[in-house]
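If you count the sequence shown from 1, position 73 lands on 56 in this note's numbering, and the numbers rise without skipping.
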Amino acid sequence: MAKPIFQDGEMRRLARRLEPEAVERLGAAKVQEAEDFRLFRYDTPDSKVDIDLYRRLQTEANKMKIGNQWVPEEHIQLLSAYLRAMGVQVAGGVCHGTRRGNEQVWFRKHLGSQADVFGSEISDNATEFPHTIQWDFHDVDPAWIGQMEMVYSNSWDHAHDPELAFSGWISCLRPGGFLMLDHGWNYQPEWVTAMDPFGISEAGLVAMLNRVGADKGRVVEVIDGGSHKDMPIRTVMFRADR
């Protein structure tokens, strides 16, 4: 079972940044549970997602953790080398949920000058950081569809509707392009909070991607990607059909 929503130290700090009404609603929220995943529900009384509450919370959480960096540059260097080894010449790509913009900067560095890789971040401070737009990653700009050689995220656990997000990201891939999603200890179901509303096992993530992207491609492998501090990072590689 998960801990009560404000037992976690980070969640208590976040609660102090939110208005009392929001804290009360979050404390009464439900968590959807299945065999291999858990999903915190930002539901309104009529069971629709409260987008305003979700975006407000994610914005405050981002600002609270603005100094944090989850993956090291070496991880992005490894993923860049993987793409080259697979024969993918990246001209366009997007990193979703990038906070300070480091991931897209590193992809640009390691993929070469032709790689126009940008990041999306939901927070209103997004454009303060390099190559970053303010964007809710559940949405897809029609101009992105079928235009990306790569889509990357280590923040997919912030999704309130992961299947919507994943299907949108897959739709952006060119034939042979890759969706790359990191996985590790902190993505497991037991770590779900309002800040990180989606948790799923590695096997569950692979199965979900194969289900929502069945008409576009499949997961071809899961690679070891170095570590976050002393904890291993693995990356799920979904490839669009060529």
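Just so you know, even glycine gets a beta-carbon here, dropped at the ideal spot from N, CA and C.
Nearest-angstrom Cα separation, counted from ASP35 out to ASP107: About 13 Å.
Three-way DSSP call (helix, strand, coil) for GLY10 in this model: helix
Is it buried or exposed for ALA64, if we count other Cβ within 10 angstroms and need 16 for buried? exposed
Which term fits VAL219, buried or exposed, when burial requires 16 or more other beta carbons within 10 angstroms of its beta carbon? buried
In whole angstroms, what is the alpha-carbon distance linking ARG222 and ARG67? 14 Å
Per-residue burial, GLU2 [other beta carbons within 10 Å of its own, 16 or more giving buried]: exposed
Report the residue from GLY50, GLY200 and ILE59 whose alpha carbon sits nearest the alpha carbon of CYS78. The shortest C-alpha to C-alpha distance from CYS78 to any of GLY50, GLY200 and ILE59 is the one to ILE59.
Endpoints, alpha helix (DSSP H) assigned at HIS74: Reading off the sequence, residue 74 comes out as Ala, not His. Segment: none, ALA74 is in no alpha helix (DSSP H) and carries neither H nor E.
Close-in-space but distant-in-sequence residues of the same chain around PHE181 (CB under 6 Å, 5 per side omitted): LEU22, ASP140, ALA142 and PRO145
Given the structure, does ILE59 come close to the ligand ZN, in the sense that its CB is under 8 Å from one of the ligand's heavy atoms? Within the structure as shown, the ligand ZN is missing, as the structure has no ligands at all.
Under the assumption that GLN97 contacts ALA74 (Cβ atoms under 8 Å), give the Cβ distance between them as a whole number of angstroms. 6 Å
Note down the Cα distance separating MET214 from TRP174, rounded to an integer number of angstroms. 15 Å
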